[in-house]
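To start, the structure itself, in structure tokens.
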Amino acid sequence: MRKRKELYGCISHLDNLLPVLIKHFQVPDLHKLVGIKITFQQYLALNILIKKGRCMISDLSKNLGVALSTMTELVNRLAKKQFVKKIKDYKDRRIVWINLTEKGVKIIQEINRKKQKHILSVLERLTEKERQLLINILRKISQVAKRIEVEGIRI
Numbered sequence: 014m015r016k017r018k019e020l021y022g023c024i025s026h027l028d029n030l031l032p033v034l035i036k037h038f039q040v041p042d043l044h045k046l047v048g049i050k051i052t053f054q055q056y057l058a059l060n061i062l063i064k065k066g067r068c069m070i071s072d073l074s075k076n077l078g079v080a081l082s083t084m085t086e087l088v089n090r091l092a093k094k095q096f097v098k099k100i101k102d103y104k105d106r107r108i109v110w111i112n113l114t115e116k117g118v119k120i121i122q123e124i125n126r127k128k129q130k131h132i133l134s135v136l137e138r139l140t141e142k143e144r145q146l147l148i149n150i151l152r153k154i155s156q157v158a159k160r161i162e163v164e165g166i167r168i
């Protein structure tokens with residue numbers, strides 16, 4: 014019973030802390046950062062593309078956990094801004110690859126540079142031991158969350 018009460022107290026602390034952490038570790042005010050109107054979802058899609066290279070819309074959809082129709086619309090908006098281009102597969106014309114354009118690469122690199130600078134300003138205020146502890150705890154939480162997702166545990 015005591016352990017359960019302690020866990021609920023922990024949940025309460027997390028409810029207060031997580032919004033602050035998310036605010037400071039995600040990209041703050043993207044449009045102010047690069048002077049171009051870009052949503053957080055668009056940023057995430059561009060970030061996947063810079064890490065993985067070309068992707069199909071279905072890959073992006075799975076990675077971001079959004080519906081295929083939502084991802085298609087998001088990619089269309091990115092293409093309109095000339096951040097990505099759609100290229101039909103030369104072997105199978107039904108497959109459309111999404112590639113970053115030079116403009117898209119520059120934008121995502123600029124955002125990531127500024128994001129790193131922002132996070133650095135937070136991490137500099139921690140000791141090396143605190144930073145290592147933070148990484149270890151976040152890694153453990155990530156592993157547990159992935160295991161729960163794989164096991165299909167429902168709330």
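Quick note on my numbering: the sequence shown kicks off at 14 and runs consecutively. For every residue, glycine included, the Cβ atom is placed at its ideal position computed from N, Cα and C. A quick note: this is a predicted structure, and the numbers were derived from the prediction, not measured.
When Cβ pairs closer than 8 Å are counted between the two stretches, the region 74-89 is seen not to touch the region 15-33, the count staying below three. Per DSSP, methionine 84 has no beta bridge partner at all. Restricted to the region 97-150, the alpha helix (DSSP H) segments that are unbroken, complete and at least 4 residues in length are 115-136, listed in chain order. Rounded to the nearest angstrom, the gap between the Cα atoms of glutamate 137 and leucine 146 is 14 Å. Here tyrosine 56 is not near isoleucine 111, since their CB atoms are 8 Å or more apart. Rounded to the nearest whole angstrom, the C-alpha separation of glutamine 39 and lysine 45 is 14 Å. Lysine 159 and asparagine 149 have their C-alpha atoms roughly 15 Å apart.
At a Cβ-Cβ threshold of 8 Å, glutamine 54 and leucine 81 do not count as neighbours. By the neighbour-count criterion, in which 16 or more other beta carbons inside 10 Å mark a residue as buried, isoleucine 24 falls on the exposed side. Inclusion of isoleucine 63 and valine 118 in the CB contact set at 8 Å is warranted, their separation being smaller than that value. Ranked by Cα distance from cysteine 68, the options Ile100, Gly165, Arg106 and Thr140 are led by Ile100. Leucine 91 sits close to alanine 58, with the two beta carbons spaced by under 8 Å. Boundaries of the alpha helix (DSSP H) around glutamine 55: 53-65.
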